[in-house]
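First comes the structure, then the notes that go with it.
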Amino acid sequence: MTPTTSAAPPAPRTRTALHWIAVHTTAVAAALFFVLPFVFVLLTSVMSDAQAMSGELWPHEWRWSNYAEVFRTPGFLTWWRNSLLYAGLGTLLTVCSSVPVAYALAKFRFRGRRPALLLVVATMMLPPQVIVIPMYLVWAQQLHLSGSLWPLIVPLAFGDAYAVFLLRQFLLTIPREYLESAKVDGCGELRTLVRIVVPMAKPGIAAVALFQFFFCWNDYFGPQIYAAQNPGAWTLSYGLESFKSAHGVDWNLTMAATLLVMAPVVLVFFFAQKAFVEGVTLTGVKG
Amino acid sequence: MATPLAHRPAPALRRRHTRERLRTLGFLSPWLIGFTVFFGYPLLATVYFSFMHYNQIQAPTFVGLRNWTYVLGRMPLFGPALWNTLWLVVVMVALRVVFGLGVGLLVTKVKAGAGFFRTAFYLPYLAPPVAATVAFVFLLNPGTGPVNEILGALGVPAPNWFNDPAWAKPSLVLLSLWGIGDLMVIFMAALLDVPREQYEAAELDGAGAFARFRYVTWPSITPVVMFAVVTGVVQTMQYYTQALVAGKLASGVSVGPGTVIQPGYPDGSTLTVPQLVYSLGFQNFDTGAACALSLVLFAVAMAVTSLLMRRRAGLLGAED
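So the sequence lines, in the order shown, correspond to chains A and B.
Numbering-wise (the UniProt record's numbering), the first sequence opens with residue 1 and increments by one.
Numbering-wise (the UniProt record's numbering), the second sequence opens with residue 1 and increments by one.
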C-alpha cells in the first residue's frame, strides 16, 4: 500500500479492490507451487525417450503410448492387483473390527475405559519401526508368510488404533437418547449398533474407510518388510521405486507410472470429497 | 470381587453386571486380541532382544547391556541419524505449521475461484508419498530437472537439491510443504470458527490487521496450532519413506531386492532414526542393536504422546 500521510486515505472501495488483488495474486502464486509439479510430471510423461533426457519442458509430440508401455512392464499389473487387495480387504477388515470397539469406548460405561482409550492413542502414535522386528520374526520364521501381504492384512482384522480413535470421536456426537430409545424398543446392544449406530455414523465410517484405504495404498514400510523378497507380492507404492531403477534415465515412463499410482487416490477423492474433508476435521479440531 | 457382605447387590442386579461386563468384553475383543498379539507381545520381545545377541540364524545369546552401550555410545551412525531426525522435527514441523496457517488464511480470504484454489492446495496432500518423492526427485534433479532448467533460464544459481548434503534435507522440507493440505483444512475450519463479531468489535476499537490477528484470531486457534505441532512432531519422528526413497533414487544406485546400500544418501544427510532401525535389523541382521534403538525411539515417541494427551491439546475430546 502507498503511504498516504498527506493525501486522504483511499476510499473504502479502492482499499477493498487493492486487498482483493493482493489476495488473489498470492493465491495464484500459491496455486502455481501446488499445481506445477503435477503439470511437469504430466508433460514429461508423454515425451519421447530422447526428449525426456533433454531437460526441455514442453513435449514435441504427445506420446500417450508411454502409458500403455507402463502397463506392459512386467509386474505392473500384479502390483495393481496387490495394492487393490491390500487396500480393499484391509479397509473392509479395519472397519468391521474397529466399529464395535469404537462404539464400546464411546458409549459403554465401564471401569478402565479411560486407560483403554489412552492405550489406543499410544498405539496410534507409535512409530511402526518400534515393534516390527519381533513381528517380522514371527511371520517369517514361525508362520512362513513373509513374501506375501498377509502379515499386513491379518492384523487389520483386530482393530486399527487410528480407525478406532477416529470412529470413537465420531460416535461421541450421537446423542444417547437415540440409543436409549432403541433399547426401550427391545433392541440388544448388537442390534442397536447395526440398526441405529452404523446408519447414523455413515459419514464417520466413510471417512475412516477412506483414510485406511489411502494408508494401505500408500504404505511403503509394510511391503518393504514383508513383501520385498517376492516381486509377485509387491504393491504399487513399493514397486514404483524399483520401476525408476529398472528404467534408468527414462524419466518419461517413470513419470507416467508415477501419475498412474497417484490417479486412483485422486479419483477416489473427487468422488468422496465431502467424506474426506469431514474426516480431516474429525482428526482433532473439535475439542 | 470382594464386596463386603452387607453391600452385596441382589442376585438379579449382579447378573446384569456380569452380563454388561461380558458385553463390553465382547465388543472390545477384536482390539484386546490385536493389542496383545500385535503390540504387547512384540514390545516385550523387543525388550528381550535388546539384551541379546541375535543374528536371526543362531539362537539368541544374552549379552547384558552391550547393545545399549553400542547404540548409545559407540555406533557411528547414531549421532547423525538423531541429528537429522531432530533437524527435521524442528524445521519441517515449524515451517509446515506456518505455511499451513498461511495457506489456510489465504483460502478463507479468497472470493473468486475459491473451490478451485481449495482443491489445488489440497490435492498434493493426497499424492502417495512414494509417488510424490519420485516426482520431486525428477523435478529437482540437477541434470535435466524442470526446476533447475527454469532457475538456469532466470540466471539464478541452482542448487543440487537431493544430491547435495547441505540441500537434501531442505529439499525434503519443500516436498513436505507441497503436501500441506491436511493442515490447511484444519486451520481453515478453525479460522472460520472465530466469531465474526469479535473482528468487528476489534475494528471499531481501531485494531489493524496485525492486532486483529494477534488478539482475536490467535487466541481462538491456539488449540488447533498446538494439535498441529504435536501431531507433526509425532509424524516427523517416524519420517521414513520420503527420506529413504529420495536418497535411493537420487543416488542412482539400482535397488533390487537384496541390494544393500549405505542409507542416507548423500553423505548420511537424509538418514533418520527409523531408517537406522531398518538398516540394523534387516540389512545388518543385528537384531539386538536394532531393538535397543527402537526402544529409544519408543521412549521419545511416548514422551511426546504424553504431551498430546494433556487436556490443552484437546485430542481426546469431551468425555461422554
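Beta carbons: idealized from backbone N, C-alpha and C, even for Gly.
DSSP places B/G179 outside any alpha helix (DSSP H), giving it a letter other than H or E.
For B/K169, there are no neighbours in chain A by C-beta distance under 8 Å, as the nearest C-beta there is about 19 Å away. Under the 8 Å Cβ criterion, the stretch 99-112 of chain B counts as touching the stretch 15-25 of chain A, having at least three qualifying pairs. The Cβ of A/K183 sits no closer than 9 Å to any Cβ of chain B. According to the DSSP assignment, A/W62 belongs to no alpha helix (DSSP H), since it is labelled neither H nor E. When Cβ pairs closer than 8 Å are counted between the two stretches, the stretch 61-68 of chain A is seen not to touch the stretch 78-93 of chain A, the count staying below three. The alpha carbon of A/F108 has as its nearest neighbour, out of A/W150, A/T192 and A/S45, the alpha carbon of A/T192.
Around A/A27, the beta-carbon contacts reaching into chain B at under 7 Å are L106, V110 and F117. Between A/L179 and A/V197, the C-beta spacing is below 9 Å. Scanning B/A243, B/E149, B/G264 and B/L191 for the CA closest to the CA of B/L174 turns up B/A243.
Residue burial annotation: A/P175 is exposed, with fewer than 16 other C-beta atoms found within 10 angstroms of its C-beta. Interface annotation for the stretch 286-309 of chain B against chain A: T287, A290, C291, S294, L295, L297, F298, A301, M302, V304, T305, L308 and M309, criterion Cβ-Cβ distance under 8 Å. Bridge pairing for B/F62: B/M52 [DSSP]. Under the Cβ criterion of 9 Å, A/F221 is counted among the residues facing chain B.
The Cβ atoms of B/V71 and B/V296 sit closer than 9 Å to each other. The alpha-carbon of B/T119 is positioned some 10 Å away from that of A/F34.
Of B/I221, B/W167, B/V300 and B/L293, the smallest CA-CA separation from B/M184 is found for B/I221. Chain-order list of chain B residues neighbouring A/K274: empty, with the shortest C-beta distance near 12 Å, by a criterion of under 8 Å.
Residue environment analysis places A/Q129 among the buried positions, since at least 16 neighbouring C-beta atoms fall within 10 angstroms of its C-beta. Take B/G232, set aside five residues on each side of it, and the residues of its chain with a beta-carbon closer than 7 Å to its own are V93, R96 and V97, in chain order.
With respect to chain A, the C-beta atom of B/L154 has no partner C-beta closer than 9 Å. The Cβ-Cβ distance between A/A263 and A/V70 does not fall below 9 Å.
B/L154 and B/W161 have their C-alpha atoms roughly 17 Å apart. For the 9 Å CB-CB criterion, A/A163 and A/Q212 form a contact. Straight across, the Cα-Cα distance linking B/A190 with B/P146 is about 36 Å. Look at B/T119 here: in three-state DSSP terms it is helix.
Per DSSP, the unbroken alpha helix (DSSP H) holding B/V273 starts and ends at V273 to Y278. A/A201 does not reach chain B, its nearest Cβ partner there being about 14 Å away, counting only Cβ pairs nearer than 8 Å. In the three-state scheme derived from DSSP, where H, G and I count as helix and E and B as strand, A/Y178 is classed as helix.
For the stretch 270-281 of chain B, the residues whose beta carbon sits under 7 Å from a beta carbon of chain A are, in order, P274, V277, Y278 and G281.
DSSP, read as helix, strand or coil, puts B/P76 in coil. Counting only runs of at least 4 residues, the stretch 24-52 of chain A fully encloses the following alpha helix (DSSP H) elements, listed from N- to C-terminal order: 49-52.
Of the candidates A/E177, A/Q169 and A/A227, the residue whose Cα lies closest to the Cα of A/Y136 is A/A227. Bounds of the alpha helix (DSSP H) holding B/R23 are P11 to F35. Residue contact with chain B for A/L145: absent (no Cβ-Cβ distance below 9 Å to any residue of chain B).
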